[in-house]
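Protein chains in written order, with the numbering used here: chain A, 280 to 702; chain B, 280 to 702. Glycine included, every Cβ here is placed at the ideal spot set by N, Cα and C. Notes follow once the structure below has been shown.
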Ligand SMILES: Cc1ncc(COP(=O)(O)O)c(C=O)c1O
Ligand SMILES: Cc1ncc(COP(=O)(O)O)c(C=O)c1O
């Protein structure tokens, strides 16, 4: 079996593009490798193949070095699937279980909780995401009857480049969140598809860029520590995914948690997914272990960092050029692929007479008329029955070209101006 | 991307072994195909890629031609996953829902139902599998209080080469089962990983073999009709899988049912698996559509038929040679990969003083001592709390060589002789 490198993503990756790697049927028996078709394509363990599992475990050790002995990894069919399993493992509708998350949260995570009958409550956010004090207040004043649910036992959070707000929790913020979780004995689902899309600091439209990390060590040392790395209690289940850093179509990721949690996870996988696709595992293994190794993979991520930095800077430049700064504001994203645009609803000419959701819909429709999709904040509300707290739109800088992004932002600006009758 | 044909399975398949197929990144844009890496490896629809979905739909039309208009297919991550989803769609522990299945049933299916809180009840079986009259009686005399569950609303059945009994429901048997399901308004999960492993009729150790089907049409015409093909009410959800006919590691299959059921299935997949691996879909598509086409795939299945016929005949020959016919009997399997050995417990020297499960364990342990694994019937009981109805052992003729199978059967025979003190 011959596999190509993943679609070349940046010029910097070109050195490894176009190479071919070979996977034979009996490489292992023939002492030509440790993972081959005869192993990868048969029924395997639900935890994943020993080979790729070893690799992700080493990688996790390099990145997070969890501060307790009996942590383990298990391969998954991606974070959507592992998150659904985690909900089912930790929450029970019959017990009235509930979870906390950012007040604007990843819509699929919300849609996954809903059919399981798990109630979701939103925690206030700022530029650094979830606010520990808000979480503490909610938990300290929990009234089961008024809330119609048991006091939450789980926090679902996306610490880096959160979807949809793009917010990045800094190290102190993370430590603060972890402390509140200890105080109220909350288990944490750390969902981190964008962790390795931490970008170069944004220096503004005209200042020179900072030099990128020169070495793999510098790159790793510069990343904000993971919640898993702070987890002295074994209360974190971290969800990693290859979706945003290699290809989403692999449907491949992994979870890391205490041995007890992983054991439950595997039991679940045995009567559900039976582990990820052997093709996906084989191809990914060949790439990240045999072709790249840990250092090569980290270099790949360093390239992604620069690629996303460029894209982020391009969308910010477009915003600065095309958006009416009097009413639209934003925080330059430090990670991920989302830019969250805040529109000052108090300045809207109809602010006194129309409700927010109405104005949001108007701007959304105007955008569609102009040929651009800006996802409205209401789609991401953790509590769908609460009034909106502001006018927000999520934009993305993952795949469009710089020119396309500029056109999109210009159209969004025009839609806002139309709605605000800025002439 | 270059992919090989699947591991060559029989000499008859050798004509296509070793070929290479190429998948490019932008074949579609470059008009060199309809499915490429840029499509297959991105996020896709949870129902599966349009290309492979079209293929499985055409294949289902060829094989089952469901007798109503709005049937649809959806790709799955294999039958274990689709079955788990189906249980969750159709059954609710809070309602006390229950299902029926063969009294000895696929252990993973039982283990999947258990954590969902779904009660499973066994239907009596004979050489042709599930007995409609037994099902009718159970349903007609259902006593909710005595049973501790609502009257079953779902039948889970494996009509062809059932796991573990190897039983094959004939056409009349299937029609009988369907009629009872209509009478009691039972929905059917038709789980058919072994459907295409229907073998040549067994003609005994010495009689000449019958000629195999000469054409694809003859092959298709000779298969026992599917429950789906009889489904005038839309009460069947059929689960197909590539696991037993291409490779299990693909984690790829599909379901077929009414549009309404498939719509629910897709909503489920959207917040769980998000559809099967893009690598698995691409490689399978290249193989079954571009390389083989429908006719080529059916010819592949015809080869499997002969290969399994050979293996089945070999294990039966070993049984005739090595087993003590006074106490061990069997029905030559007509489909699948399992041979179910019945041991006459009434003839056991301790029949009057020891319980069945004890004797079963003894034979199992004796087998292990001699280096052979024979799965005891108790592992497969639909109702684990009921006494065993007989002494059964499941053997398999899927992957061992003829020599290995002979050794295994010889050892099993010796274990039985030891236990029966036939010395
Ligand atoms: C926060 C978050 N988690 C998980 C996912 C999905 O990851 P996967 O492809 O591994 O299921 C996404 C994708 O958009 C996401 O934004
Ligand atoms: C009856 C039956 N259904 C389903 C399966 C599993 O199929 P899949 O690999 O598609 O999950 C098996 C495998 O042993 C089986 O025997």
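For residue i, collect the residues of the same chain with a Cβ closer than 7 Å to its Cβ; drop the 5 residues on either side in sequence, then sort them by chain order.
i: residue 363 of chain B; result: 391
i: residue 524 of chain B; result: 475, 580, 583
i: residue 406 of chain A; result: 446, 610
i: residue 484 of chain B; result: 596, 599
i: residue 336 of chain A; result: 352
i: residue 365 of chain A; result: 468, 516
i: residue 332 of chain A; result: 326, 352, 354
i: residue 454 of chain A; result: 509
i: residue 700 of chain B; result: 628
Just the C-alpha distance for residue i and residue j, rounded to the nearest angstrom, thanks.
i: residue 461 of chain A; j: residue 636 of chain A; result: 37 Å
i: residue 571 of chain A; j: residue 305 of chain A; result: 22 Å
i: residue 629 of chain B; j: residue 639 of chain B; result: 12 Å
i: residue 657 of chain B; j: residue 631 of chain B; result: 20 Å
i: residue 613 of chain A; j: residue 398 of chain A; result: 30 Å
i: residue 654 of chain B; j: residue 499 of chain A; result: 50 Å
i: residue 338 of chain B; j: residue 573 of chain B; result: 7 Å
i: residue 660 of chain A; j: residue 385 of chain A; result: 9 Å
i: residue 280 of chain B; j: residue 526 of chain B; result: Confidence at residue 280 of chain B is low in this model, with a pLDDT of 40, below 50, so its placement is unreliable and no value can be given for it.
i: residue 472 of chain B; j: residue 321 of chain A; result: 15 Å
i: residue 411 of chain B; j: residue 439 of chain B; result: 16 Å
i: residue 409 of chain A; j: residue 376 of chain A; result: 21 Å
i: residue 340 of chain A; j: residue 541 of chain B; result: 42 Å
i: residue 719 of chain B; j: residue 532 of chain B; result: Past the boundaries of the shown model lies residue 719 of chain B; chain B is included only from 280 to 702, so the question cannot be answered.
i: residue 372 of chain A; j: residue 394 of chain A; result: 10 Å
i: residue 602 of chain A; j: residue 591 of chain A; result: 16 Å
i: residue 528 of chain A; j: residue 413 of chain A; result: 37 Å
Quick check on residue i: buried or exposed, where buried means 16 or more other Cβ atoms within 10 Å of its Cβ?
i: residue 510 of chain B; result: buried
i: residue 309 of chain A; result: exposed
i: residue 482 of chain B; result: exposed
i: residue 683 of chain B; result: exposed
i: residue 388 of chain B; result: buried
i: residue 328 of chain B; result: buried
i: residue 522 of chain B; result: buried
i: residue 644 of chain B; result: exposed
i: residue 519 of chain B; result: buried
i: residue 665 of chain B; result: exposed
i: residue 678 of chain A; result: exposed
i: residue 348 of chain B; result: exposed
Is it true that the CB of residue j sits closer than 8 Å to the CB of residue i?
i: residue 530 of chain A; j: residue 361 of chain B; result: no
i: residue 605 of chain A; j: residue 626 of chain A; result: yes
i: residue 503 of chain B; j: residue 477 of chain B; result: yes
i: residue 424 of chain A; j: residue 401 of chain A; result: no
i: residue 357 of chain A; j: residue 553 of chain B; result: yes
i: residue 562 of chain B; j: residue 325 of chain B; result: no
i: residue 353 of chain A; j: residue 534 of chain A; result: yes
i: residue 404 of chain A; j: residue 359 of chain A; result: no
i: residue 370 of chain B; j: residue 437 of chain B; result: no
Given residue i, which residues of its chain have a CB within under 8 Å of its CB, disregarding the five upstream and five downstream residues?
i: residue 690 of chain B; result: 646, 649, 650, 651
i: residue 346 of chain B; result: 508, 509, 510, 511
i: residue 479 of chain B; result: 488, 489, 491, 584, 585, 588
i: residue 374 of chain B; result: 429
i: residue 593 of chain A; result: 676, 681, 684, 685
i: residue 697 of chain A; result: 645
Tell me which same chain residues have a C-beta within less than 6 Å of the C-beta of residue i, skipping the five on either side of it?
i: residue 515 of chain B; result: 467, 469, 506, 507
i: residue 427 of chain A; result: none
i: residue 421 of chain A; result: 430
i: residue 608 of chain A; result: 621
i: residue 615 of chain A; result: 440, 445, 473, 476
i: residue 551 of chain B; result: none
Where the stretch 347-359 of chain A meets chain B: residues whose CB sits under 7 Å from a CB there: 356, 357, 359
Residues in the stretch 499-533 of chain A having any Cβ partner in chain B nearer than 7 Å: 526, 527, 528, 529, 530
Members of the stretch 313-334 of chain A that neighbour chain B once the beta carbon cut-off is set at 8 Å: 316, 317, 319, 320, 321, 322, 323
Members of the stretch 538-559 of chain B near chain A, C-beta cut-off 9 Å: 546, 547, 549, 550, 551, 552, 553, 554, 555, 556, 557, 558, 559
Residues in the stretch 588-601 of chain A having any Cβ partner in chain B nearer than 8 Å: none
Positions along the stretch 361-389 of chain B whose CB lies within less than 8 Å of some CB in chain A: 363, 373, 387
Selection of the stretch 390-416 of chain A by Cβ proximity to chain B, strictly under 8 Å: 390, 391, 394
Residues of the stretch 561-581 of chain B with Cβ closer than 7 Å to any Cβ of chain A, in chain order: 562
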